[in-house]
Amino acid sequence: MKRTTHTALLLAAALTLGGALSFSASAQEITVDGSQIFPFSRSDFTAAEADDGIFLTSLPSRALATVYYGDRALCPGDALPAAALDQLTLEASCVTEQDVTIGYCTVSGGTISGARELTLSILPKKDQPPTAEDGSLETYKNIANTGTLQASDPEGKTLTYQIVQQPKRGTVELQADGTFTYTPNQNKVGKDSFTYTVTDPGGNTSEPAKISIEILKPTEAMAYTDMAGDGDAFEAMWLQEAGLFTGATVGGNLCFCPDEPVSRGEFLVMVMQLVDAEADTTGLTSGFSDEAATPVWMQPYIVSALGSGMISGVSSESGVVFRPEAEMTRAEAAVLLQNVLSLPAPTTETVWAEDEALPVWAADAAAAVSAAGLPLDLSAQAEVITRRDAAKLLYAVSQLLEGETLETFYWVQ
Numbered sequence: 001m002k003r004t005t006h007t008a009l010l011l012a013a014a015l016t017l018g019g020a021l022s023f024s025a026s027a028q029e030i031t032v033d034g035s036q037i038f039p040f041s042r043s044d045f046t047a048a049e050a051d052d053g054i055f056l057t058s059l060p061s062r063a064l065a066t067v068y069y070g071d072r073a074l075c076p077g078d079a080l081p082a083a084a085l086d087q088l089t090l091e092a093s094c095v096t097e098q099d100v101t102i103g104y105c106t107v108s109g110g111t112i113s114g115a116r117e118l119t120l121s122i123l124p125k126k127d128q129p130p131t132a133e134d135g136s137l138e139t140y141k142n143i144a145n146t147g148t149l150q151a152s153d154p155e156g157k158t159l160t161y162q163i164v165q166q167p168k169r170g171t172v173e174l175q176a177d178g179t180f181t182y183t184p185n186q187n188k189v190g191k192d193s194f195t196y197t198v199t200d201p202g203g204n205t206s207e208p209a210k211i212s213i214e215i216l217k218p219t220e221a222m223a224y225t226d227m228a229g230d231g232d233a234f235e236a237m238w239l240q241e242a243g244l245f246t247g248a249t250v251g252g253n254l255c256f257c258p259d260e261p262v263s264r265g266e267f268l269v270m271v272m273q274l275v276d277a278e279a280d281t282t283g284l285t286s287g288f289s290d291e292a293a294t295p296v297w298m299q300p301y302i303v304s305a306l307g308s309g310m311i312s313g314v315s316s317e318s319g320v321v322f323r324p325e326a327e328m329t330r331a332e333a334a335v336l337l338q339n340v341l342s343l344p345a346p347t348t349e350t351v352w353a354e355d356e357a358l359p360v361w362a363a364d365a366a367a368a369v370s371a372a373g374l375p376l377d378l379s380a381q382a383e384v385i386t387r388r389d390a391a392k393l394l395y396a397v398s399q400l401l402e403g404e405t406l407e408t409f410y411w412v413q
């Protein structure tokens, strides 16, 4: 609730009280609904029409309730004209039933007199039950995958998660923070699900929510041997299944090498293939000074990306270059994704910590990527994108695209 300040109407609290005040019996007791902002009226304080106002001598602890005049929190010693009493409000903070008092004196003809006390019985705010959200998860045969249950509490309290119906084609391991690991049973494929609820400290439990799971059968018989038991094994396999990247075979073992950096050219090609942006087929050249050193298979993608505005060059002593073999930084990845996906700019300004300061050319893109919920850690924006990073990021982009229409993105406009 937005309050309006009327500080100009406050009387100067410069009156001196002569001697100690002794309260008379409370004029009345008011019951207040703690879930609502309570509006006072003049009659709550004094029925004497001749009174000029009141002088506050005591107020409830702000841990229990706060009395406002407009948007100003009042304090003992404040003096208020009678006309202001209809504009006072009380906002409860207590979570249990409490009796609080407001001590005041009436002001009439410039004289303070008539010490009084107003008692308010505050009923606690009703504790609303939390909400658990449905969700989904994909994984491949014999590969575990992780996820996070989405739930909220109206009062912002810490929630306890519990599984109420176990999956049938696998097992789920749930952590206290709502993260979970689903492991399909050996060689099982198809659909599975489990349901869960959340409970707040007051014992209020949500309605059950369902996590739908699809266990996919990979087209490739081989799995990455170096990703066995790795929490990102699914995304690595997905990157291969999507035809975007395949690791290397070493001694008959298929290896993903998750910590290997991804080059600027490799990341560009993967992003373009993911969004079905076509490579140039006209035989045009990009004009970049380092084009001759660019792998031939990569050149049509660079030409197409430059022509559509996905990329721009970097000035160097030899001219404008793209540096396709250079390692892709996280800040550069954010700019490319913003250019390709046309992500909307956030309506609120993103504030980065001093040690997370982004270059000016990447700030807007980083904010847009963050607002879209893409898993690109920009706290270390100069660090390079690894294969692990690329797999997680591009899978998240694929999920984002599934919720959009093609007309959203510029390359089909």
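Under UniProt numbering, the first residue of the sequence shown is numbered 1, with each subsequent residue one higher.
Virtual Cβ for every residue (Gly too), placed ideally from N, Cα, C.
Is Ser-29 helix, strand or coil by DSSP? For the purposes of this step, residue 29 is taken as the residue at position 29 of the sequence shown. Before going further, note that residue 29 is Glu rather than Ser in the sequence given. It is a strand residue.
Using the C-alpha atoms, what's the distance from Gly-313 back to Ala-279? The sequence position of residue 279 within the sequence shown is 279, counting from 1. The sequence position of residue 313 within the sequence shown is 313, counting from 1. Looking at the two C-alpha atoms, the distance is approximately 18 angstroms.
Cutoff 8 angstroms; reference Leu-64; Cβ partners in own chain excluding five residues on either side: Here residue 64 corresponds to residue number 64 of the sequence shown, with the count starting at 1. Answer for Leu-64: Ala-92, Ser-93, Cys-94, Gln-98, Val-100, Ile-122, listed in chain order.
Give the DSSP-derived three-state secondary structure of Val-320 in the structure shown. What you label residue 320 is simply residue 320 of the sequence shown in a count that begins at 1. Of the three classes helix, strand and coil, the one that applies to Val-320 here is strand, per DSSP.
Taking one C-beta from the region 386-395 and one from the region 246-263 each time, how about it: are there three or more such pairs within less than 8 angstroms? Segments in contact, yes.
Within the same chain, show all residues whose beta-carbon is closer than 6 angstroms to that of Met-310, passing over the 5 residues directly before and after it, in chain order. The residue given as residue 310 occupies position 310 in the sequence shown. Closer than 6 angstroms at the Cβ level, and outside the excluded window around Met-310, lie Asn-339, Val-340.
Are Thr-179 and Thr-148 close, meaning C-beta to C-beta below 9 angstroms? In the sequence shown, counting from the first residue as 1, residue 179 sits at position 179. In the sequence shown, counting from the first residue as 1, residue 148 sits at position 148. Contact flag set, yes.
Inter-stretch contact at 8 angstroms, needing at least 3 Cβ pairs: the region 130-149 / the region 223-241: yes
Neighbourhood of Leu-174 by C-beta distance below 7 angstroms, restricted to the same chain and skipping five residues each side: Numbered from 1 along the sequence shown, position 174 holds the residue referred to as residue 174. These residues qualify, in order along the chain: Tyr-161, Ile-163, Phe-180.
State the DSSP-derived secondary structure class of Leu-74, mapped to helix, strand or coil. The residue given as residue 74 occupies position 74 in the sequence shown. Coil.
Determine the direct distance from the alpha carbon of Ala-209 to that of Leu-400, and round the result to whole angstroms. Looking up residue 400 in the sequence shown gives position 400. Looking up residue 209 in the sequence shown gives position 209. Straight-line Cα distance between these residues: approximately 22 angstroms.
Kindly indicate the opening and closing residues of the alpha helix (DSSP H) around Phe-55. By 1-based counting over the sequence shown, the position of residue 55 is 55. Taken as a continuous stretch (DSSP letters only), Phe-55 belongs to no alpha helix (DSSP H), being part of the beta strand (DSSP E) at 53-58.
Might you give, ordered along the chain, the residues of its own chain that have their beta carbon closer than 7 angstroms to the beta carbon of Arg-169, omitting 5 neighbours on each side? Start at 1 with the first residue of the sequence shown, and residue 169 comes out as number 169. Contacts found: Pro-184, Asn-185, Lys-188, Gly-190, Asp-192, Ile-215.
Can you give me the Cβ contacts of Thr-31 inside the same chain, cut-off strictly under 6 angstroms, excluding the 5 residues immediately before and after it? Taking the sequence shown and counting its residues from 1, one reaches residue 31 at position 31. Excluding positions up to five away in sequence, the list reads Ser-121.
By the 10 Å Cβ neighbour count, where 16 or more other Cβ atoms means buried, how is Asp-71 classified, buried or exposed? Numbered from 1 along the sequence shown, position 71 holds the residue referred to as residue 71. It is exposed - the Cβ of Asp-71 has fewer than 16 other Cβ atoms within 10 Å.
Which word fits Ala-292, buried or exposed, when buried means at least 16 other C-beta atoms lie within 10 angstroms of its C-beta? Sequence index remark: in the sequence shown, residue 292 carries index 292 (1-based). Answer is exposed; the Cβ neighbour count stays below 16.
Residues near Glu-241 in its chain [Cβ-Cβ closer than 8 angstroms; skip 5 each side]: Sequence index remark: in the sequence shown, residue 241 carries index 241 (1-based). Excluding its 5 nearest sequence neighbours in each direction, Glu-241 has C-beta neighbours in its own chain below 8 angstroms: Tyr-140, Leu-216, Pro-218, Thr-219, Glu-220, listed in chain order.
Taking 6 angstroms as the limit between beta carbons, can you name the residues of its chain near Thr-66, skipping five residues before and five after? By one-based count along the sequence shown, residue 66 stands at place 66. Excluding residues within five positions, the ones whose Cβ falls inside 6 angstroms are Ala-73, Glu-91.
How many angstroms separate the CA atom of Ala-372 from the CA atom of Gln-128? Taking the first residue of the sequence shown as position 1, residue 372 is located at position 372. Taking the first residue of the sequence shown as position 1, residue 128 is located at position 128. Cα to Cα, the separation comes out at about 29 angstroms.
Which same chain residues end up closer than 6 angstroms to Ala-396 when comparing Cβ atoms and leaving out the 5 residues on each side of it in sequence? In the sequence shown, the residue the question calls residue 396 occupies position 396. Result list for Ala-396: Leu-374, Pro-375, in chain order.
Spatial neighbours of Asp-290 within its chain, please: CB distance less than 6 angstroms, with the 5 preceding and 5 following residues excluded, ordered by chain position. Along the sequence shown, one-based indexing puts residue 290 at 290. Excluding positions up to five away in sequence, the list reads Val-321.
Suppose the cutoff is 8 angstroms on Cβ atoms and the five residues either side in sequence are ignored; what does the same chain contact list for Pro-167 look like? Locating residue 167 in the sequence shown gives position 167, where the first residue counts as 1. Tyr-182, Asp-192, Ser-193, Phe-194, Ile-213, listed in sequence order.
Put Asp-127 into one of helix, strand or coil per three-state DSSP. Numbered from its first residue, the sequence shown carries residue 127 at position 127. Asp-127 falls in the coil class under three-state DSSP.
So, is Leu-393 buried or exposed, given that buried needs 16 or more other C-beta atoms within 10 angstroms? As a working mapping, residue 393 is identified with position 393 in the sequence shown. Leu-393 is buried by the Cβ-count criterion.
Status (buried if at least 16 other CB within 10 Å, exposed otherwise) for Thr-281: Your numbering for residue 281 matches position 281 in the sequence shown. By the C-beta density criterion, Thr-281 is exposed, having fewer than 16 other C-beta atoms within 10 angstroms.
What is the rounded straight-line gap between the Cα of Gly-265 and the Cα of Trp-238? Position 265 of the sequence shown, counted from the first residue, corresponds to residue 265. Position 238 of the sequence shown, counted from the first residue, corresponds to residue 238. About 20 angstroms.
Quick check: Gly-287 and Leu-306, are their CB atoms within less than 9 angstroms of each other? Here the question's residue 287 lines up with position 287 in the sequence shown. Here the question's residue 306 lines up with position 306 in the sequence shown. Yes, these two residues count as a Cβ contact at 9 angstroms.
Start and end of the alpha helix (DSSP H) containing Ile-302? For this step, residue 302 is matched to residue 302 along the sequence shown. Segment 299-308, the alpha helix (DSSP H) holding Ile-302.
How would you write the range of the beta strand (DSSP E) that Gly-170 sits in, first residue to last? Residue mapping note: residue 170 aligns to position 170 of the sequence shown, counting from 1. Its beta strand (DSSP E) spans residues 170-174.
Burial state of Val-351 (16 or more Cβ within 10 Å): Walking along the sequence shown from the start, residue 351 turns up at place 351. Because Val-351 sits at a pLDDT of 46, beneath the cut-off of 50, its placement in the model cannot be relied upon, and the point is left open.
Under the three-state reduction of DSSP, which class applies to Val-335: helix, strand or coil? Against the sequence shown, residue 335 aligns to sequence position 335. Helix, per DSSP.
Counting C-beta neighbours from all protein chains within 10 Å, is the total for Glu-332 16 or more, i.e. buried, or is it exposed? Along the sequence shown, read from residue 1 onward, the residue named residue 332 stands at position 332. That one is buried.
Could you tell me how far apart the beta carbons of Leu-336 and Tyr-301 are, in whole angstroms, since I believe they sit closer than 8 angstroms? For the purposes of this step, residue 336 is taken as residue 336 along the sequence shown, with counting starting at 1. For the purposes of this step, residue 301 is taken as residue 301 along the sequence shown, with counting starting at 1. Contact doesn't hold; Cβ gap of about 12 angstroms is too wide.
Residue range of the unbroken beta strand (DSSP E) whose run includes Glu-241: As a first step, residue 241 must be located in the sequence shown, where it is residue number 241. Where Glu-241 is concerned, there is no enclosing beta strand (DSSP E), although the alpha helix (DSSP H) it sits in stretches over 233-241.
Quick one: residues in its chain with C-beta nearer than 6 angstroms to the C-beta of Leu-21, no 5 flanking neighbours on either side, listed in chain order? In the sequence shown, the residue the question calls residue 21 occupies position 21. The pLDDT assigned to Leu-21 is 40, lower than 50, so where the model puts this residue is not dependable, and the model offers no usable value.
Just to confirm my understanding: we take Arg-323, look at its own chain, exclude 5 residues before and 5 after, and list those with CB closer than 8 angstroms. What are they? Position 323 of the sequence shown, counted from the start, is the residue given in the question as residue 323. Short of 8 angstroms from the beta carbon of Arg-323, and not among the five residues preceding or following it, lie these beta carbons of its own chain, in chain order: Arg-264, Asp-290, Val-314.
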